[in-house]
Amino acid sequence: MAPTDESGQTAQHAPSTGTTPPSRPPAGGTAGPGARMPRWLPRAMVLALALIAAFQLGSWAFHQVIGLLINILIAFFLALAIEPAVSRMAARGMRRGLATFLVFLALAIATAGFVTLLGSMLAGQIIKMIEGFPDYLDSVINWVNAKFHTDLRRVDIQEGLLHSDWLRKYAQNSAAGVLDVSTQVLGGLFRLLTVALFSFYFAADGPRLRRTICSVLPPARQAEVLRAWEIAVDKTGGYLYSRGLMALISGIAHYILLEALGVPYAPVLGVWVGLVSQFIPTIGTYLAGALPMLIAFTVNPWYALWVLGFVVIYQQFENYVLQPKLTARTVDIHPAVAFGSVIAGTALLGAVGALIAIPAVATLQAFLGAYVKRYAVTDDPRVHGHRSRVTAPGLLTRARRLWTGQPAGGGAAETGAADARGAAAAGAPDAPRGPAVAEETPSGE
477 MAPTDESGQT AQHAPSTGTT PPSRPPAGGT AGPGARMPRW LPRAMVLALA LIAAFQLGSW
537 AFHQVIGLLI NILIAFFLAL AIEPAVSRMA ARGMRRGLAT FLVFLALAIA TAGFVTLLGS
597 MLAGQIIKMI EGFPDYLDSV INWVNAKFHT DLRRVDIQEG LLHSDWLRKY AQNSAAGVLD
657 VSTQVLGGLF RLLTVALFSF YFAADGPRLR RTICSVLPPA RQAEVLRAWE IAVDKTGGYL
717 YSRGLMALIS GIAHYILLEA LGVPYAPVLG VWVGLVSQFI PTIGTYLAGA LPMLIAFTVN
777 PWYALWVLGF VVIYQQFENY VLQPKLTART VDIHPAVAFG SVIAGTALLG AVGALIAIPA
837 VATLQAFLGA YVKRYAVTDD PRVHGHRSRV TAPGLLTRAR RLWTGQPAGG GAAETGAADA
897 RGAAAAGAPD APRGPAVAEE TPSGE
């Protein structure tokens, strides 16, 4: 019998060991105030913070070196373009470094000569326009006075321009912007030097670079890398070859026109139109034609219209006759694909992307063409853009079928049956085969 106290209640005795029994967890599974954090949670938080910090650091570093990466990409394509000339000179016993230096020296001399001729032409035309500006201004003032019955004088206009507020503000802004222009010029020279240095190393150490890349790849991957490299060299060189040939033809054609019109500096303008129209995609033709039009306008305003008409007509001739024949074997891509690649390259890398977009897409297309399995196309009229000869029944035919009780929508079924019979008669291998049905024929036949 359990001991009781005076009130008759059973006495509660603690265990003899002196320890309290373990408490049960609260209802609902919630942790109590004394619960500890899981051991994996601090490590997970530290790892997440470390990954976020690494991503931010990598993104910041990538944006800092994006200019260098673009320069390296330009240098790589330039090295691919001069690779055939360097390899041909190296095959004759010349060292690759010396061959690369000679190629770069020839390019530098040609570029310097062209820029010098173009600069002298522009300087001469600017001086001529400045010297003839008073005569142009007098003719405009006389026309305005005669047309609107005014009494304008050149001296008054010059005094008003010299004492105007906008001219003073323009001079101040121009003086402040001289430092920015000089900074951009120095940055452009440094970028050009960087591209030239990397392209020289890529072209001179091309075999060593290929061996270095192939040394970390298995033999099967090595063959694919070397094949892709060879395709890139062929496509880039072919692109520049075709563009150079079209630039030569365009320059000669525009030189003949400008010489016939008596426009000064016709040879330099012909070279300008040829190079700019071919190596600046999409809008290069119109940019190239603007300078000859301006110079022709100084000779005779009607000559500018002649130049504009010739530029438009020659552009159509080049797009539909000359370019397909010259690029059929070098850069065989569809004009729509070329135009889309130029737009995409411009959106990604600006003018640099527009220049390298077409050879890059041509290289990718030629490389993937070896791994895409193609099949023979069935000889169907619809493949060639012709409609099927079996057409839907006309209105009178459908009305007659409704009158006789036949279904009016049998045209599609008859068309399909006729197509199947035509394919079977032509011996097409892909003609649909239905279940064999035995036809009953009269015994007399």
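The numbers in this note's numbering rise by one with no breaks, and the one at position 261 of the sequence shown is 737. Ideal Cβ placement from N, Cα and C applies to all residues, glycine included.
query                                                                                                                                                                             : result
Could you work out which residue in Gly816, Ala530, Ala838 and Leu544 is closest to Arg667 when comparing CA atoms only?                                                          : Leu544
Comparing C-alpha positions only, which one of Arg697, Phe755 and Ile542 sits nearest to Ser718?                                                                                  : Phe755
Does the segment 568–575 come into contact with the segment 689–704, if we say contact requires no fewer than three beta-carbon pairs (one atom in each stretch) closer than 8 Å? : no
Can you list, in chain order, the residues of its chain whose CB lies under 7 Å from that of Ala742, leaving out five sequence neighbours each side?                              : Tyr731, Leu734 and Glu735
Ordered along the chain, which non-local residues of its own chain (more than five positions away) have a Cβ less than 6 Å from that of Ala814?                                   : Ile834
Taking the alpha-carbon positions, what's the Arg877 to Ser817 distance?                                                                                                          : 55 Å
So for Val692, helix, strand or coil by DSSP?                                                                                                                                     : coil
On the criterion of 16 or more Cβ atoms from any shown chain inside 10 Å, does Ile728 qualify as buried, or is it exposed?                                                        : exposed
Using three-state DSSP, classify Asp855 as helix, strand or coil.                                                                                                                 : coil
Among residues of its own chain, excluding the 5 on either side of Ala708, which ones have a beta-carbon nearer than 7 Å to its beta-carbon?                                      : Leu556 and Thr839
Identify whether Leu628 lies in helix, strand or coil by the three-state DSSP scheme.                                                                                             : coil
What did DSSP end up calling Asp641 once you bin it into helix, strand or coil?                                                                                                   : helix
What residue range does the alpha helix (DSSP H) around Gly760 cover?                                                                                                             : Gly760 to Val775
Quick one: complete alpha helix (DSSP H) runs, 4+ long, within the segment 695–753?                                                                                               : 695–737
Does the contact criterion of 3 or more C-beta pairs under 8 Å hold for the segment 853–863 versus the segment 579–588?                                                           : no
Gly534 lies in the alpha helix (DSSP H); which residues open and close that run?                                                                                                  : Trp516 to Gln540
Whose C-alpha, out of Ile809, Ile832 and Ser563, is nearest the C-alpha of Leu844?                                                                                                : Ile809
May I ask which residues mark the beginning and end of the alpha helix (DSSP H) holding Arg877?                                                                                   : Leu871 to Thr880
In angstroms with no decimal places, state the Cα-to-Cα distance between Arg850 and Arg687.                                                                                       : 33 Å
Determine the extent of the alpha helix (DSSP H) in which Leu798 is found, giving its start and end residues.                                                                     : Here Leu798 belongs to no alpha helix (DSSP H), and DSSP marks it neither H nor E.
By the three-class DSSP mapping on this structure, what secondary structure does His810 have?                                                                                     : coil
Do you know how far the Cα of Thr761 is from the Cα of Arg874?                                                                                                                    : 58 Å
Verify whether the separation of the beta carbon atoms of Ile1001 and Phe553 is less than 9 Å.                                                                                    : Absent from the structure is residue 1001, since the part of the chain shown begins at 477 and ends at 921.
Taking 8 Å as the threshold, find out whether the segment 737–752 comes into contact with the segment 765–780 through three or more Cβ pairs.                                     : yes
Measure how close the beta-carbons of Leu662 and Met722 come, nearest whole angstrom, since I'm counting them as under 8 Å.                                                       : Contact flag wrong, Cβ pair sits at about 34 Å.
Give the DSSP-derived three-state secondary structure of Val602 in the structure shown.                                                                                           : Residue identity differs from the one stated: residue 602 is Ile in this sequence, not Val. In this structure, Ile602 counts as helix in the three-state DSSP scheme.
Comparing alpha-carbon positions, which option in Val837, Leu751 and Phe793 lies nearest Ala812?                                                                                  : Val837
Would Ile771 be called buried (16 or more neighbouring beta carbons within 10 Å of its own) or exposed?                                                                           : buried
Indicate the three-state DSSP secondary structure (helix, strand or coil) for Asp614 in the structure shown.                                                                      : helix
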